[in-house]
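As structure tokens, the structure follows; a few thoughts come after it.
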Amino acid sequence: MADPPSSKAEIMRKHAHMIMTAVPWARTLGFEMVSIDEARAVGKVAWREDLVGDPASGVLAGGVITGLLDNLCGVAVGAALKEFRSLATLDLRIDYMRPATRGETVWAEAECYHVTRSIAFCRATAFHGEDRARIVAAATGTFALNNPSRWAGGGFAKAVAADKAET
Amino acid sequence: MSRADELQAFLARIPFAATLGLRCEVHGNEMTTTLPFSEHLIGNPALPALHGGAIGAFLEITAVAQAYLSGPSAGLPKPIDLTIDYLRAGRAEDLFARAVIRKQGTRMTSVRAEAWQTDRAKPVAALRAQFLMEAPEAPAAD
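Put into structure tokens, the structure is as follows:
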């Protein structure tokens, strides 16, 4: 008997370990997926010396936060769609509320709150503490949805396909 | 030490600038940054295309550097907010950027930056950011 059809978010959850490792820049910065639900993604990045933007204070570079929020928004969009499509960030706005402190992991959650035929709208926050007690940054982003094509889904779709071929 | 030398010294001490692989050329108060292509900057390996986060990080450091070069800030300017427009896919090639100060205040500085690859007239991404400037130490009263 064929497996029951699984939801897109379910497929992504099953392959969650590859979502970040299949993307070189995410792997370089050490981004980790924490959870994936429909239209929602939680991830984190551990503080590392080589990600510091201000050597005097040990505060993480803004670019690390930007990258994490951008990446998680992309995952949230993926989890909101019914089929794999390739995404391109159209724009991203980040408000920095508090510096990402030395030694502390940055958590982030992204939500894709609206999807049209060609555009997905997201908001995301980054914070210190799993309890989200201290907000670090907030972002809004829009993503262009491209038709499934030779590069649909980018690295993740390729990795899933390779994983399926192996098992 | 000139402001340009100070900037180079500053950038050399930023660990994340080295992680990106960013280089910077300064002529007077004009500056061009380069992000030499490297596999670790890829976001979509199937295309391949540079990661939006890597392009954004590159533009942000470029804007920080220009704000530092042009202003009296004692430390590194701190980002308050920024917007990045992604205009074209970043190909697997070197990326260049320049930033322009739109308004230099004593506390806040508004900066725009653009990144391009082979053709400056075809930008890959554009950034607009506000920075909080660290007030320079007041001259000793005598």
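Protein chains in written order, with the numbering used here: chain A, 17 to 183; chain B, 122 to 263. Beta carbons are placed, not taken as given, at the ideal position from N, Cα and C, and that holds for glycine.
Asked, Found
"If I measure Cβ to Cβ from Leu253(B) and keep anything under 6 Å in the same chain, skipping five residues before and after, which residues do I get?", "Lys199, Ile201"
"Check this for me: beta carbons of Leu88(A) and Gly59(A), under 8 Å apart or not?", "yes"
"Would you mind working out which of Ala236(B), Thr230(B), Val232(B), Leu197(B) sits nearest Asp215(B), comparing C-alpha positions?", "Ala236(B)"
"Confirm, please, whether the CB-CB distance from Val122(A) to Ile151(A) is below 8 Å.", "no"
"Spatial neighbours of Ala106(A) within its chain, please: CB distance less than 7 Å, with the 5 preceding and 5 following residues excluded, ordered by chain position.", "Strictly speaking, residue 106(A) in this sequence is Leu, with Ala absent from that position. Excluding positions up to five away in sequence, the list reads Thr158, Phe159, Ala160."
"By how many angstroms is the C-alpha of Leu85(A) removed from the C-alpha of Ala124(A)?", "7 Å"
"Let's see if you can read the secondary structure: which residues bound the beta strand (DSSP E) around Gln225(B)?", "216-225"
"Counting contacts by CB-CB distance shorter than 8 Å, is Glu127(B) in contact with chain A?", "no"
"Are the C-beta atoms of Gly79(A) and some chain B residue less than 8 Å apart?", "yes"
"Assuming Val131(A) contacts Ala96(A) (C-beta within less than 8 Å), just tell me the rounded distance between them.", "6 Å"
"Work out the CA separation of Arg43(A) and Thr37(A) for me, nearest whole Å.", "5 Å"
"Entirely within the stretch 164-212 of chain B and at least 3 residues each: give me those beta strand (DSSP E) ranges in chain order.", "199-207"
"Which one of Ser102(A), Gly74(A), Leu76(A), Ala126(A) has the shortest CA to CA distance from Asp53(A)?", "Ala126(A)"
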